[in-house]
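> My questions will all concern the structure given below.
In my numbering, the protein residues as written are 3 to 187.
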């Protein structure tokens, strides 16, 4: 099974991935890992703005599905993989051409800001105003090489509104798996 994860900043994508890896045996492929390696190789700061700029440049150079191409290259024939996170329409299209399904995760903006503040990542060390600015940058774009999370989430096969507990989120992921396990092989 191939699952692409999309969602807003701090919505719970990582929590979904952790559940799929620990409880269901999925292999995790992360955009953050791919972009971080490239930023470090170029001697650039590792932060959300640099990551977004680099990802957009690489997509412009190699095509809007560049990340998904890299992510799918690690899947073996019999493994289940979760790809975090899908950010362009081209990535969704390539995911689907390879038999994958798209799961989107969202939550209230203030709740998401509280979550990123608590997780303490250097990528998320921002003010609420910066958080809103970053989100606006990622949400909509007419350039196919740039992030368009709003459109990607509209294309999702299943959307989870993550407003409850972790166990409630896991129950929703189970419902998603029950519904789509036979459609993505």
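Glycine is no exception: its CB is placed at the ideal position from the N, C-alpha and C atoms.
State yes or no: is the C-beta of residue 135 within less than 8 Å of the C-beta of residue 12?
Contact flag unset, no.
> In angstroms with no decimal places, state the Cα-to-Cα distance between residue 49 and residue 20.
Computed Cα separation, rounded: 22 Å.
> Taking just the CA atoms, how far does residue 67 sit from residue 111?
Going by the C-alpha atoms only, they are around 27 Å apart.
> Looking at C-alpha atoms only, which residue of 41, 158, 35 and 18 is the closest neighbour of residue 27?
Out of 41, 158, 35 and 18, 18 has the C-alpha closest to the C-alpha of residue 27.
> How long is the line joining the alpha carbons of residue 92 and residue 146, rounded to whole angstroms?
If I take the Cα positions, the gap works out to 7 Å.
> Spatial neighbours of residue 52 within its chain, please: C-beta separation below 6 Å, excluding the five flanking residues on both sides.
Once the five neighbours on either side are set aside, the close Cβ partners of residue 52 are 41 and 46.
> Could you pull out every unbroken alpha helix (DSSP H) segment of at least 4 residues lying fully inside the region 12 to 43, listed in chain order?
Within the region 12 to 43, the complete alpha helix (DSSP H) runs of at least 4 residues are 15 to 26 and 33 to 43.
> Hey, is the region 147 to 167 in contact with the region 98 to 110, meaning 3+ C-beta pairs nearer than 8 Å?
As far as the Cβ criterion goes, the region 147 to 167 touches the region 98 to 110, which means the pair count is three or higher.
> Taking only runs that begin and end inside the region 51 to 91, name each unbroken alpha helix (DSSP H) of 4 or more residues, in chain order.
Runs found: 68 to 74.
> Within the continuous beta strand (DSSP E) that includes residue 8, where are the two ends?
First-last of the beta strand (DSSP E) with residue 8: 4 to 9.
> Within this structure, are the beta carbons of residue 33 and residue 155 separated by less than 8 Å?
Against a cut-off of 8 Å, the Cβ pair of residue 155 and residue 33 comes out as no contact.
> Measuring straight from C-alpha to C-alpha, what distance separates residue 39 and residue 72?
Roughly 13 Å separates the two Cα atoms.
> Relative to the alpha-carbon of residue 84, which residue among 4, 167 and 170 has its alpha-carbon at the smallest distance?
Of the listed residues, the one whose Cα sits closest to residue 84 is 4.
> Across which residues does DSSP place residue 107 in a beta bridge pair?
In DSSP, residue 107 forms a bridge with 9 and 162.
> Would you check if the distance between the CB atom of residue 97 and the CB atom of residue 88 is smaller than 8 Å?
Cβ distance < 8 Å, so residue 97 and residue 88 count as in contact.
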